[in-house]
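Read in order, the letters of the sequence shown correspond to residues 934 to 1254 in the working numbering.
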Amino acid sequence: MKQLKQAALNILAHKSRLIGKIESGNQGPTLVFSGGIHGNEPSGVIALVNVLNTLQKQNIPLKGNLLAIIGNVQALHAGMRYITQDLNRLWTPDHIYKLHNGGFDTNEITPEVEEMIAIDNKLIKFVKGKPAEHRYFIDLHTTSSFSAPFAAIDKMHQSIAFARLLPIPFIVNLDDYLKGTLLHYLDHINFGAMVFEAGQHDDPNSVRIHEALIWMVLVTSGALAQHNVPNYEGKLTLLSGLHPNYNDAYQIIHREPANQPGFKMLPGFVNFQPIKKGQPLATTQSKQILSPYNGFMFMPLYQNQGQDGFFIIEKLKTPGF
Ligand SMILES: [Zn+2]
């Protein structure tokens, strides 16, 4: 963690939100990447710096437009998940309305509301005059416990079609369960949106996985030709080799709340682990919680904070997904 944090602090020396911007002047997608929406997740920021450096040093031509930004500048600088509020829970309909219409009252301005306003300003300025089609936003995250990489996307047709082309499993309805995530805002401003979780916060591998995903997105979106990616095959293998069903779409079919007296996960569950109906998954003061379905474990709670005990997901079979 110390190493990654130091690398992020070096990037932040100038406290700028902007990591990089490319406006090629050629027709192509409009891509925005963000890292560090959670300040204790420097991996995405480092990966974006590395990829942009490679593009520049090797003079790799890009089509379309690219913006790479830091999400929560103040929290990243402090090495904390957030200063006063989780920036990835603030994008509620009320706040989005205030961003674009009403404005915030002075007493509503917290460090994270400041971040939100700054992100919105940057994005609105960036997309001005650019085509409304082929807009994708990729939000880079890491997790507190071990996990195979995965993505969560909104249900817009273009997001699903796009996620299908990447060698990673994805969840289509996580934003129905988490209120106020950036995805809600991105739907509002007409971006296909994807949250990508690379692995653990303090694992240097998370940076490599984030980098591989960024390169894949550049190719899949048509911003970059495959032959321009240094070691494309290696990056593809890195992503697809990390998950046995790497290209599957999933949806949440059950949420178990954590706010039950004495709630505790049974040890050892990991994301995408197959589970059987009737299998014990957690305990409370008064009972054992058995799985109501056959499916797969998702986001089991092994830390103290959090409102979600665990989710159960199933593979989507519907054609078109
Ligand atoms: Zn995060």
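Ideal placement from N, C-alpha and C gives every residue a C-beta, glycine not left out.
Q) Does DSSP classify Glu1047 as helix, strand or coil? A) Three-state DSSP puts Glu1047 in a helix.
- Task: For the alpha helix (DSSP H) holding Ile1142, just list the boundary residues, first then last.
- Result: Secondary structure note for Ile1142: its alpha helix (DSSP H) is the uninterrupted segment 1137 to 1153.
Option nearest Arg950 by Cα separation, candidates Gly1201, Glu956, Gly969 | If we check each option's Cα against that of Arg950, Gly969 comes out closest.
*Whole angstroms is fine: what's the gap from Lys1168's alpha carbon to Asp1019's?*
Cα-Cα distance, rounded: 32 Å.
Please tell me whether His1143 and Ala1131 are closer than 7 Å, where the distance is taken between their beta carbons.
In this structure, His1143 places its C-beta atom within 7 Å of the C-beta atom of Ala1131.
Exercise. Tell me whether Leu951 sits in a helix, a strand or coil according to DSSP, three-state version.
Key: It is a strand residue.
Open item on the list: ligand 1 and His1074: does any heavy atom of the ligand fall closer than 6 Å to the residue's C-beta?
Closed with: At least one heavy atom of ligand 1 is found less than 6 Å from the C-beta of His1074.
message = My parser needs the alpha helix (DSSP H) runs of 4 or more residues fully inside the stretch 1066 to 1102; what are they?
response = Segments of the alpha helix (DSSP H) lying fully in the stretch 1066 to 1102: 1090 to 1097.
Mind reading off the beta-carbon distance from Leu1107 to Ile1185? Whole number of angstroms is fine, and I expect it under 8 Å. At roughly 7 Å, the Cβ-Cβ gap stays under 8 Å, so Leu1107 and Ile1185 are in contact.
Among the candidates Lys948, Tyr1183, Ser1219, whose CA atom is the shortest distance from the CA of Lys1197? Cα-wise, what sits closest to Lys1197 is Ser1219.
Verify whether the separation of the beta carbon atoms of Met1149 and Ala1084 is less than 7 Å. Between Met1149 and Ala1084, the C-beta spacing is not below 7 Å.
request  = Take the Cβ of Thr963 as the centre, count every other Cβ of all protein chains shown within 10 Å, and call the residue buried at 16 or more, exposed below.
outcome  = Counting Cβ neighbours within 10 Å, Thr963 comes out buried, since at least 16 surround it.
Margin query: Helix, strand or coil, according to DSSP, for Ser976 in the structure here?
Written below: In the structure shown, Ser976 sits in a helix (DSSP, three-state: H, G or I).
_At the level of alpha carbons, what is the spacing between Gly1113 and Asp1120?_
Taking the Cα positions, Gly1113 is about 12 Å away from Asp1120.
- Message: For a test of the three-state rule: what should DSSP assign to Val1162, helix, strand or coil?
- Response: Coil at Val1162, not helix or strand.
Measure the C-alpha to C-alpha separation of Phe1254 and Pro1100 and round it to an integer number of angstroms.
Only weak support is given to the placement of Phe1254: the predicted model assigns it a pLDDT of 47, under 50, and the value that follows is read from those uncertain coordinates. The C-alpha of Pro1100 is placed about 15 Å away from the C-alpha of Phe1254.
Please report the Cβ distance between Val978 and Ile955, rounded to the nearest whole angstrom; I am assuming they are in contact, meaning their Cβ atoms lie under 8 Å. The Cβ separation is near 17 Å, so there is no contact.
Does DSSP classify Pro1233 as helix, strand or coil?
It is coil, neither helix nor strand.
* Asked: Which of helix, strand or coil does DSSP assign to Gln1221?
  -> In the structure shown, Gln1221 sits in a strand (DSSP, three-state: E or B).
Open item on the list: For Gly1201 and Asp1136, I'd like the C-alpha separation in whole angstroms.
Closed with: Distance from the CA atom of Gly1201 to the CA atom of Asp1136, rounded to whole angstroms, is 19 Å.
Report the rounded CA-to-CA distance for Asp1087 versus Val1105, giving the unit in angstroms.
One C-alpha to the other measures close to 6 Å.
query = Does any heavy atom of ligand 1 sit closer than 6 Å to the C-beta of His971?
reply = Shortest gap from the CB of His971 to any heavy atom of ligand 1: under 6 Å.
* Asked: Heavy atom of ligand 1 less than 6 Å from the Cβ of Glu974, yes or no?
  -> The answer is yes for Glu974.
### Message
Bridge partners for Gln1133 per DSSP, in chain order?
### Response
In the DSSP assignment, the residues bridged to Gln1133 are Thr1076.
Report task. Give the DSSP bridge partners of Lys1248, in chain order. Result -> DSSP output for Lys1248 lists Tyr1183 as bridge partner(s).
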